[in-house]
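**Q** One structure follows; several queries about it will come next.
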Amino acid sequence: MQTTSIHGMWSSRLAFILAATGSAVGLGNIWRFPYVTSDNGGGAFVLIYLACILLVGLPIMWTEIVIGRRGRMSPINSIRELADDAGASRKWMGLGIIGVLAGFLILSFYSVVAGWTLHYGFLYLKELFGGTPITDPEATFTGLLASPGELTFWHGLFMLMTMGVVAFGVEKGLERAVSILMPMLFVLLLVLLGYGMNTGYFTDAASFLFRPDWSQVSGGMIVTAMGQAFFTLSLGMCAIMTYGAYLPSGVNIPKVGITVAATDTVVALIAGLAIFPIVISFGLDPEGGGAGLIFTSLPLAFAEMPFGIIYGFLFFTLLSIAAWTSGISLMEPATAYIVESTNLSRKAAALCVAAVAWIMGLASVFSFNLWAEVSIGGRDVMSAIEYVANDIMLPVGGLLTALFGGWILSSRITREELDKKMPTWAFNAWLWITRIVTPALILVVLAGLFGII
1139 MQTTSIHGMW SSRLAFILAA TGSAVGLGNI WRFPYVTSDN GGGAFVLIYL ACILLVGLPI
1199 MWTEIVIGRR GRMSPINSIR ELADDAGASR KWMGLGIIGV LAGFLILSFY SVVAGWTLHY
1259 GFLYLKELFG GTPITDPEAT FTGLLASPGE LTFWHGLFML MTMGVVAFGV EKGLERAVSI
1319 LMPMLFVLLL VLLGYGMNTG YFTDAASFLF RPDWSQVSGG MIVTAMGQAF FTLSLGMCAI
1379 MTYGAYLPSG VNIPKVGITV AATDTVVALI AGLAIFPIVI SFGLDPEGGG AGLIFTSLPL
1439 AFAEMPFGII YGFLFFTLLS IAAWTSGISL MEPATAYIVE STNLSRKAAA LCVAAVAWIM
1499 GLASVFSFNL WAEVSIGGRD VMSAIEYVAN DIMLPVGGLL TALFGGWILS SRITREELDK
1559 KMPTWAFNAW LWITRIVTPA LILVVLAGLF GII
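Structure representation (structure tokens):
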């Protein structure tokens, strides 16, 4: 068994937690989770979501870390080695291929959306120094989407930022970046939370988010909670598996997995408590989630509130950091595989991945302007790519991960990697949840997405 990865190693348990949390905390955490929570029964949804984390999120996360740490290579090669060790078919490498490809596709359009946050952060920075204020947020956002040149520039800048971190490797690139960016993200989030608490509407926002509405509990709501639990932890795209390959052998996997899941959830909830007091205090629609809330509604509030320009700059800086740490984890699996499979250096491999992802991302750029009339299955180009990667490939990858970890890997390997001191009953509970419960619940999510239930 290898004890180190050729790509480098995290220097500590904390470094892994920061990196894995950075992967999990993305743009969706900052606006989607609070919105979905408020729209699906508040506190009732949160409780069901936490149950889904336990039954779906953690089993897959632990399995990904186990596979990564045992294989000490990129996901595709780690799965190949572990399949060989178990006497199983090498076709299981398809699990790694699906995950790496899904992450690559997500990076291509995620970079475009992340470019929006960079653009808005720049607008507020200019306004701080006397630039033109955002007086008509809807026109500003519409104008951005209508400009392929501007979208391409910000998409390219974000891809360069991401490539710059990945190119320097685990210690000098990934770990150094998350060691700076994640504390900065937490500080910014707390600053914004403090502002939200002083609006006079904090109690209203907390009630809006967490007041249990048990009448909204339904099969559809449970499917939504399971989907949120699955996607929010960056599962099924092999990012956590890749980061697990760099985890020191002595680190307890269950403990770090629980820490990452808990931190990810807390960040999402704090984001809601920071954003919604502002939304409510200015009479905006708190149920207008997504781009409509972030890029058109909130700037209206920033224009009217005291120190709104500073708040706007900090808010979009927070979004950019969340996007950046997620983008790094999306680029790393493909980069690691190219380094292992070719004679290319890490810098050259990262450049190749970034260049191809940037070119693919142009399809998402053009879907808002030059290709606005193009429809694929009733969706615009970007939505079609997002649907295939997020809604199909990630659940399939998570399902295969659970099956591989539960049925193909030997119990000896999983026991050694998880925790040799784990009580037998606890290990057996994890094993059978991974084998039976988690796959069944993922199938429910897939059935819900395809309208079967």
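So the mapping is simple: the working numbering equals the position in the sequence shown, first residue as 1, plus 1138.
Backbone N, C-alpha and C define an ideal beta-carbon position, used for all residues, glycine too.
So, are the CB atoms of M1469 and A1492 less than 8 Å apart?
**A** Their beta carbons are under 8 Å apart, which means M1469 touches A1492 by this criterion.
**Q** Determine the direct distance from the alpha carbon of F1433 to that of H1293, and round the result to whole angstroms.
**A** Going from the Cα of H1293 to the Cα of F1433 covers about 17 Å.
**Q** Tell whether a beta-carbon distance below 8 Å holds between L1243 and A1461.
**A** No, these two residues do not count as a Cβ contact at 8 Å.
**Q** Could you say if the region 1189-1199 and the region 1564-1576 meet the contact criterion of at least three C-beta pairs nearer than 8 Å?
**A** Yes: the two stretches touch, three or more of their Cβ pairs being nearer than 8 Å.
**Q** Quick one: Cα of D1274 to Cα of F1506, how far?
**A** Going from the Cα of D1274 to the Cα of F1506 covers about 19 Å.
**Q** Looking at the unbroken alpha helix (DSSP H) that takes in E1605, where does it start and where does it end?
**A** There is simply no residue 1605 to check, as the chain begins at 1139 and stops at 1591 in what is shown.
**Q** Grab me the residues of G1111's own chain with a C-beta within less than 7 Å of its C-beta, minus the 5 sequence neighbours each way, in chain order.
**A** Examination of residue 1111 is not possible in this model, given that the chain is present from 1139 through 1591 alone.
**Q** Buried or exposed: where does L1312 fall if 16 or more other Cβ atoms within 10 Å of its Cβ makes it buried?
**A** Buried, by the Cβ-count rule.
**Q** Leaving out five residues before and five after I1205 in sequence, what residues of the same chain have Cβ atoms less than 8 Å from its Cβ?
**A** Within the same chain, I1205 has close Cβ partners P1213, S1216, I1217, L1220, M1379, G1382, T1539, F1542, G1543, L1547.
**Q** Does the region 1255-1263 come into contact with the region 1284-1298, if we say contact requires no fewer than three beta-carbon pairs (one atom in each stretch) closer than 8 Å?
**A** Contact between the region 1255-1263 and the region 1284-1298 is present, because at least three Cβ pairs lie under 8 Å.
**Q** Could you tell me whether the region 1177-1186 touches the region 1360-1377, where touching means 3 or more Cβ pairs closer than 8 Å?
**A** The answer is yes - the region 1360-1377 touches the region 1177-1186, with three or more Cβ pairs under 8 Å.
**Q** How is I1551 classed by DSSP in three states: helix, strand or coil?
**A** Helix at I1551.
**Q** Provide the residue span of the alpha helix (DSSP H) that contains T1397, from first to last.
**A** Run containing T1397: 1391-1419, per the alpha helix (DSSP H) assignment.
**Q** Relative to the C-alpha of S1467, which candidate in K1559, Q1140, G1164 has its C-alpha closest?
**A** Nearest of K1559, Q1140, G1164 to S1467, Cα basis: G1164.
**Q** Mind reading off the beta-carbon distance from I1408 to L1327? Whole number of angstroms is fine, and I expect it under 8 Å.
**A** Their Cβ separation, rounded to whole angstroms, is 6 Å, which keeps I1408 and L1327 in contact under 8 Å.
**Q** Can you give the Cα-Cα distance for P1350 and E1478, rounded to whole angstroms?
**A** One C-alpha to the other measures close to 50 Å.
**Q** Note the first and the last residue of the continuous alpha helix (DSSP H) segment covering W1200.
**A** Looking at the DSSP string, the run of the alpha helix (DSSP H) that includes W1200 is 1196-1209.
**Q** Express the C-alpha separation of V1503 and S1246 in angstroms, rounding to a whole number.
**A** Their backbone Cα atoms lie some 10 Å apart in a straight line.
**Q** By the three-class DSSP mapping on this structure, what secondary structure does R1517 have?
**A** Reduced to three states, the DSSP call for R1517 is strand.
**Q** For G1515, count neighbouring Cβ atoms within 10 angstroms of its own Cβ and tell me buried if that reaches 16, exposed if not.
**A** The residue is exposed, with fewer than 16 neighbouring Cβ atoms inside 10 Å.
**Q** Anyone know if the C-beta pair for S1419 and G1338 falls short of 8 Å?
**A** Taking 8 Å as the Cβ cut-off, S1419 and G1338 qualify as a contacting pair.
**Q** Measure the alpha-carbon distance for Q1366 versus F1171 and round it to whole angstroms.
**A** One C-alpha to the other measures close to 8 Å.
**Q** For a quick check, are the C-beta atoms of P1392 and L1537 less than 8 Å apart?
**A** No. Outside cutoff.
**Q** Can you say whether D1402 is buried or exposed, counting buried as having 16 or more other CB atoms within 10 angstroms of its CB?
**A** By the neighbour-count rule (16 or more Cβ atoms within 10 Å), D1402 is buried.
**Q** Do the CB positions of S1161 and A1377 come within less than 8 Å of each other?
**A** Going by C-beta atoms, S1161 is nearer than 8 Å to A1377.
**Q** Taking the straight line between their C-alpha atoms, what separation do you get for A1284 and F1454?
**A** Roughly 21 Å between the two C-alpha positions.
**Q** If we ignore side chains and look at the alpha-carbon of each, how far apart do A1552 and L1192 end up?
**A** In the sequence under discussion, the amino acid at residue 1552 is Thr, which differs from the Ala named in the question. Each residue's Cα considered, the two are about 18 Å apart.
**Q** Who are the near neighbours of S1149 in its chain, counting only those whose CB is closer than 8 Å to its CB and skipping five residues on each side?
**A** Correct list, in chain order: E1309, E1313.
**Q** Can you find the residues in the same chain that come closer than 8 Å, C-beta to C-beta, to A1344, ignoring five residues on each side of it along the sequence?
**A** For A1344, where only same-chain residues beyond five positions count, the Cβ hits under 8 Å are L1411.
**Q** What residue ranges within the region 1364-1391 form continuous alpha helix (DSSP H) runs of no fewer than 4 residues, ordered along the chain?
**A** 1377-1382, all fully within the region 1364-1391.
**Q** With respect to 7 Å, is the separation between the Cβ of S1502 and the closest non-hydrogen atom of the ligand NAP below this value?
**A** The model depicted lacks the ligand NAP and carries no ligand whatsoever.
**Q** May I ask you to report which of helix, strand or coil DSSP gives K1558?
**A** It is coil, neither helix nor strand.
**Q** Smallest Cα separation from N1178: which of E1276, G1332, F1348?
**A** The option with the nearest alpha carbon to N1178 is F1348.
**Q** Excluding the 5 residues flanking T1159 on each side, which residues of the same chain have their C-beta closer than 7 Å to its C-beta?
**A** Excluding residues within five positions, the ones whose Cβ falls inside 7 Å are M1320, V1398, T1401, D1402.
**Q** Check whether the Cβ atoms of L1282 and E1276 lie closer than 8 Å to each other.
**A** No, the pair does not count as a contact, with Cβ atoms beyond the cut-off.
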